[in-house]
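Asks:
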Amino acid sequence: MRMAGLAAGLLPALFFAWAAGAEFRLASYYADHMVLQKEPAGAVLWGYKDSAAAIMMFLYRENHLVWKVVSEEEGRSEIWKIVLNPMPAGGPYEIVIWHQDNGEMTNVTLEDVYFGDVWLCSGQSNMEMTVSQIFNASEELEEASQFPLVRLFTASLVQSKRELHDLSGITLQWSIPTAKNLGHGDFSYFSAVCWLFGRYLFKTLKYPIGLVESCWGGTPIEAWSSKRVLHECGIFNTTEGASSSYLDSGPKDPSVLWNAMIHPLLNMTIQGVIWYQGEANTVMNTDLYNCTFPALIEDWRKAFFEGSHGETEQDFPFGFVQISTDRQMQLDDSFPRIRWHQTADYGYVPNQKMPNTFMAVAMDLCDDESPYGSIHPRDKQSVAHRLYLGALALAYGKKGATFQGPYPEKVELVAASGLLNVIFGEHIELRHSDNKTFEVCCAQQKQCQWVPAAIASSSFDTVTLHNLACPKSTLGLRYAWMEWPCKYKHCPVYSRHSSLPAPPFITFSHNNPGWVLS
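In the numbering used here, the protein residues as written are 48 to 565.
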């Protein structure tokens, strides 16, 4: 191997941390074919060593030494950690890490390593669905080999009562995408939403993307939350009430997946997270989701920032899917309530409680013929593309990128004519007119009675409703407040420019400056 001189100014920082074990090795999720986070952040490498040993690290590209670091310290720590100086996107690199103890030298070599953006993909079964389970699966699998620089990693399904420092199992070690590892089996690996999101990013960014899948079907948010989050939201026991059949596959105990499937990843420098979860919480702690979800986001941000020694951004972008549908016969309003709570009750993101977040609306992607149950719709291409649009805007700062559907800016009550104007503030497309998707709240003995308001007409940015039930006593308005609000991609209101759907919303006239009486 040909050696070259050290590149000026590229000496990384070296850190030593807590004790864990004496065997020299890397943490489980460092391997050949991996992607490490590129500049402006510094990637983190860590592992185990003999307590008095020194660690030396060499980075090569095309057999040329790019830089090295030699640790002269002999502290008693049994975990080593190296924070690399920021590296530009590209590769491949070879990393050789030497362990020196009492004159004996051993090493670990990592090959085909690239620098790019690393995204963590988490949640429950709709994130877990593999490429072989979605629409156009055969075509998608055939194209896998065209994207060798989108790299894949899947953590094993493990739960723990205590926080683990390292993963105790890996289902798919860092790999180059193939038809086999993208469609290994139902609800195994690799996540279709995660893959498609990464593929869309790669097509635009033209540099390596690393995708880390850590998800488990049928799991509530409480299992993915630290004890800090749960205590903040007043949750101490979360297993009661979880009886729906599609929840039976995954653990529901507090923090057990945070402990085993997220906490071990905290030392990793990442670009951001995408999240697809919420169905399990339609039957447990539903009305606490407006606390648990924003709290989870902030807790993960703080934990990844601290675990990476400040290399992962403290407010890294967090994207999520607003849940789709399950039953056409609505038994309760738990699905629309979860959708609303996913936005911390704002109806849109980012907002004051959820900064630097982006959302993919999925209520119009229903699939009553899905062989995996209607709660698992197969159109994951649209889900991933809507997430991708949000990432372009928030994570990559693309100017003019539209990632949100229309949201009402003003509600105008025209009591004399029995009409109500919903003004969206952008050019809308009305895909169909119905008499049920919009509802008005009529005051009735100090109670709110929701009554359908049929669509009368639409113009550039306005939908006009017939408000005949209570033109003089309307207290509120809601849209798509049902579990299955429309047929596939056929809800009433979309953006004319982006074709993105308007999200569900609920708004009341009391103390709301967006309501106008005329």
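Every residue gets a Cβ at the ideal spot worked out from N, C-alpha and C, and that includes glycine.
Which runs of the beta strand (DSSP E) at least 3 residues long sit entirely within the stretch 79 to 128? Give them in chain order.
Replies: Counting whole runs of 3 or more residues, the stretch 79 to 128 contains the beta strand (DSSP E) stretches 82 to 84, 91 to 95, 101 to 108, 111 to 117.
Asks: Alpha carbon to alpha carbon, what distance is there between S172 and F234?
Replies: Approximately 7 angstroms, taken between the alpha carbons.
Asks: Counting along the chain, where does the alpha helix (DSSP H) carrying A440 start and finish?
Replies: 427 to 441 is the span of the alpha helix (DSSP H), which, as asked, contains A440.
Asks: Quick one: is M308 buried, meaning 16 or more other Cβ sit within 10 Å of its Cβ, or exposed?
Replies: Buried: at least 16 other Cβ atoms inside 10 Å.
Asks: Tell me the rounded alpha-carbon separation between D373 and G452.
Replies: Going from the Cα of D373 to the Cα of G452 covers about 22 angstroms.
Asks: Have a look at L460 and W562 and give me their C-alpha separation to the nearest angstrom.
Replies: Each residue's alpha carbon lies about 8 angstroms from the other.
Asks: Mind reading off the beta-carbon distance from Q84 to D164? Whole number of angstroms is fine, and I expect it under 8 angstroms.
Replies: Indeed they touch by this definition, with Cβ atoms about 7 angstroms apart.
Asks: Would you kindly work out how many angstroms separate the C-alpha atoms of G264 and E70, rounded to a whole number?
Replies: If I take the Cα positions, the gap works out to 34 angstroms.
Asks: Does DSSP put N199 in a helix, in a strand, or in coil?
Replies: Here residue 199 turns out to be Leu, not Asn, going by the sequence shown. Looking at L199 - three-state DSSP - the assignment turns out to be strand.
Asks: Ignore the nearest five residues each way along the sequence and tell me which others in D148's own chain have a CB closer than 6 angstroms to its CB.
Replies: Correct list, in chain order: D97, A100.
Asks: Taking the alpha-carbon positions, what's the S290 to K349 distance?
Replies: Residue confidence is low: S290 scores 42 on pLDDT, short of 50, so the model does not pin down where it sits. Its coordinate-derived value is still stated next. Cα to Cα, the separation comes out at about 33 angstroms.
Asks: Leaving aside the five residues before and after D380 along the sequence, list all residues of the same chain whose C-beta is less than 7 angstroms from its C-beta, in chain order.
Replies: Contacts found: W528.
Asks: Look up W145 in the DSSP assignment and give the residues it is bridged to.
Replies: Looking at the DSSP assignment, W145 forms a beta bridge with M103, N154.
Asks: Given that a residue counts as buried once 16 or more other Cβ atoms are within 10 Å of its Cβ, and exposed if not, what is A463?
Replies: Flag for A463 reads exposed.
Asks: One question on the structure: do A270 and P298 come within less than 8 angstroms of each other, judged by their Cβ atoms?
Replies: Result yes, Cβ atoms of A270 and P298 sit closer than 8 angstroms.
Asks: Which residue's Cα is closest to the Cα of A490: L436, F552, S556, H432?
Replies: Checking every option, the nearest Cα to that of A490 belongs to S556.
Asks: Among Q389, P550, E358, whose alpha-carbon lies nearest the alpha-carbon of D334?
Replies: Closest option to D334, Cα to Cα, is Q389.
Asks: Quick one: using the 10 Å Cβ neighbour count with 16 as the cut-off for buried, is C495 buried or exposed?
Replies: When all chains shown are included, C495 counts as exposed.
Asks: Can you have a look at H544 and say buried or exposed, based on whether 16 or more other CB atoms are within 10 angstroms of its CB?
Replies: When all chains shown are included, H544 counts as exposed.
Asks: How big is the Cα-Cα spacing for T339 and W322?
Replies: Computed Cα separation, rounded: 14 angstroms.
Asks: If you draw a straight line from the alpha carbon of L547 to that of W387, how long is it in whole angstroms?
Replies: Rounded to whole angstroms, L547 to W387 spans 18 angstroms at the Cα level.
Asks: From this set, I129, V91, V143, which residue's C-alpha is nearest V113's C-alpha?
Replies: Cα-wise, what sits closest to V113 is V143.
Asks: So, at 7 angstroms on beta carbons, what are the nonlocal neighbours of D79 in its own chain, with the 5 sequence-adjacent residues on each side left out?
Replies: For D79, where only same-chain residues beyond five positions count, the Cβ hits under 7 angstroms are L157, E158, D159, W221.
Asks: If you reduce the DSSP assignment to three classes, tell me which class F283 lands in.
Replies: DSSP places F283 in coil when its eight states are reduced to three.
Asks: Can you check whether the CB of M81 is closer than 8 angstroms to the CB of G354?
Replies: Not closer than 8 angstroms, so no.
Asks: Are there 16 or more other CB atoms within 10 angstroms of the CB of N468, so buried, or fewer, so exposed?
Replies: Result: buried.
Asks: Based on the DSSP output, what are the partners of K457 in its beta bridges?
Replies: Answer is I470.
Asks: Note down the Cα distance separating G357 from I317, rounded to an integer number of angstroms.
Replies: Spanning the two alpha carbons is a distance of roughly 11 angstroms.
Asks: In three-state terms, what does DSSP make of L564?
Replies: Three-state result, L564: strand.
Asks: I need the DSSP call for H356, collapsed to helix, strand or coil.
Replies: Correct three-state label for H356: coil.
Asks: Comparing the C-beta of L460 with each C-beta of chain B, is any distance below 8 angstroms?
Replies: Reference to chain B is not applicable here, since this structure consists of a single protein chain.
Asks: From the DSSP output, in three-state form, read off L524 for me.
Replies: Strand.
Asks: Judging by CA-CA distance, which residue of C262, H231, G230 is the nearest neighbour of S169?
Replies: Comparing Cα-Cα distances from S169 to each of C262, H231, G230, the minimum goes to C262.
Asks: Just curious, the beta strand (DSSP E) that L258 is in, first and last residue?
Replies: That run of the beta strand (DSSP E) goes 256 to 262.
Asks: Mind reading off the beta-carbon distance from L522 to V458? Whole number of angstroms is fine, and I expect it under 8 angstroms.
Replies: Contact flag wrong, Cβ pair sits at about 11 angstroms.
Asks: Residue ranges of each alpha helix (DSSP H) run of no fewer than 4 residues wholly in the stretch 326 to 394, ordered along the chain?
Replies: Taking only runs of at least 4 residues, the alpha helix (DSSP H) segments lying wholly in the stretch 326 to 394 are 336 to 354, 381 to 388.
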